[in-house]
Every structure is written in structure tokens, then in C-alpha cells.
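K.L.:
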Amino acid sequence: GLSRGRRVSTWDCRSGRRLASLEVPVADAWFLALSPDGKSVALTLGEDGFLLCSLPGRTSRRLTAHFDQGKWAAFSPDSRLLATASSDATIKLWQVVSGRELATLRGHLTGVSAVAIATDGRTLVSVEPQQGLRFWDIPTLREVAVVPMPAAGEGLQFAPDGHTLAVGQMVGGIRLLKA
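In terms of this note's numbering, the sequence shown is residues -10 to 168.
#1: On the CB-based measure, 16 or more other CB atoms within 10 Å of its CB, does I127 come out buried or exposed?
#2: K81 lies in the beta strand (DSSP E); which residues open and close that run?
#3: Taking the CB atoms as reference points, tell me whether E117 and L94 lie closer together than 8 Å.
#4: Would you tell me roughly how many angstroms separate the C-alpha atoms of L23 and G35, rounded to the nearest one?
#5: Taking W83 and F20 to be in contact with their CB atoms under 8 Å, please state how far apart those CB atoms are, rounded to whole angstroms.
#6: Can you say whether A31 is buried or exposed, counting buried as having 16 or more other CB atoms within 10 angstroms of its CB?
#7: Let me know if S87 comes out buried or exposed under the rule of 16 or more other beta-carbons within 10 Å of its beta-carbon.
#8: Would you mind giving the Cβ-Cβ distance between G151 and T108, rounded to the nearest angstrom? I have them listed as a contact below 8 Å.
#9: Short of 6 Å in beta carbon distance, which residues of its chain neighbour P149, apart from the five on each side in sequence? Order them along the chain.
#10: DSSP on L40, reduced to helix/strand/coil?
#11: Would DSSP call G96 helix, strand or coil?
Structure (C-alpha cells):
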């Protein structure tokens, strides 16, 4: 996580040994996403977009293509793709190695509070608070389903089984959906 000293560290939970650490050039991060391979971290910086860093601290890139607050970030299972959510009602897809913007997904009417990429790497889910979920096919960049969910809030995560989706609720709690 991000410490008070503006340092991001990853740890081996079994041994308690620090695996990697880097100092980040920001004072405040709203959210942190670690890539599945442990080689990259994405920090959500609110008005300042996102910061994509390699571990152990070789490079960092600001991702600033959104027009409003950065809200959430999620890596693909192969760690090659990063999805970012913003209050500007868009989702951006980025190539992790280069930091290059690959695509913009549009369809939400208000802000997007969270995104998650399924374990198959082909499906992206996004949350529009108090509206619901949108499902996207990553290879075609098309929206494939909308699930109304007025209580949907912030937070979204696929379980390792790839068939369970946890959705944060506006009034607290988590709703689990089975695919």
C-alpha cells in the first residue's frame, strides 16, 4: 500500500519480506491496484488522473486522458492491460508496458465508479453509481449487457473462480452475483 512517506511497497505475506518498493511523486492516492504479476501498480489520483508505475520503481507514467476525476483501476489477468474509470463517464484501456491509451469505452450517462476485468481477460464490468452494471467485450470494445442495480456504489471485483462478481453497494455491504 501507499505509506505516509509516499512509498508503495509489495510484501511476501508468508515471510513478511518486502519484495519491491518505490517512492511516488504524489501526496495523495485514492485507490491502488496491483497487477497480477506483481510488476506494476496503478494509483488513482482523483483530479490528477492515474499514475502507472513499474516495480521496483524503474518507470512511472501519468495517465491523464480522462476529463474528470480518476476513480478506479483494474489490471487484466495477464497484466498487459489496465482499465481506468472516471467521473467523466468513460473507461479507458491502456497498454501497461508503454502506458499508451488503446481505447475509450462510452455508454455510461454519469460517472463510472469502478471497473473489473474477468479472469478470462475478455470481459470488463463497470459500475455507474445508483444505476447499475455494464458488461463489455474487450476484443470488440462493445457493450454486451446492462444490469440495472440502483444500489450499486463503489467497488467491484471478480472472485478467482471467474463466476462470482462482488459489487459494493451505496448503503454499505457487498452484493455477490453469480455468472
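Glycine included, C-beta positions come from ideal geometry on N, C-alpha and C.
P.N.:
Considering the structure as presented:
#1: Translated into the one-based positions of the sequence shown, residue 127 becomes position 138. It counts as buried.
#2: Working through the sequence shown from its first residue, we reach residue 81 at position 92. Per DSSP, the unbroken beta strand (DSSP E) holding K81 starts and ends at 79 to 84.
#3: Mapped onto the sequence shown, residue 117 falls at position 128. Mapped onto the sequence shown, residue 94 falls at position 105. Taking 8 Å as the Cβ cut-off, E117 and L94 do not qualify as a contacting pair.
#4: Taking the first residue of the sequence shown as 1, we reach residue 23 at position 34. Taking the first residue of the sequence shown as 1, we reach residue 35 at position 46. Linking L23 to G35 through their CA atoms gives a straight-line distance of about 18 Å.
#5: Counted from its first residue, the sequence shown places residue 83 at position 94. Counted from its first residue, the sequence shown places residue 20 at position 31. Contact flag wrong, Cβ pair sits at about 16 Å.
#6: Position 42 of the sequence shown, counting from 1, holds the residue named residue 31. When all chains shown are included, A31 counts as buried.
#7: Within the sequence shown, numbered from 1, the residue matching residue 87 stands at position 98. Exposed, since its Cβ has fewer than 16 Cβ neighbours within 10 Å.
#8: The residue you call residue 151 lines up with position 162 of the sequence shown. The residue you call residue 108 lines up with position 119 of the sequence shown. The Cβ separation is near 4 Å, so the contact holds.
#9: As a first step, residue 149 is located in the sequence shown; it is residue number 160 there, counting from the start. Result list for P149: empty, nothing under 6 Å.
#10: Taking the sequence shown and counting its residues from 1, one reaches residue 40 at position 51. DSSP places L40 in strand when its eight states are reduced to three.
#11: As a first step, residue 96 is located in the sequence shown; it is residue number 107 there, counting from the start. Three-state result, G96: coil.
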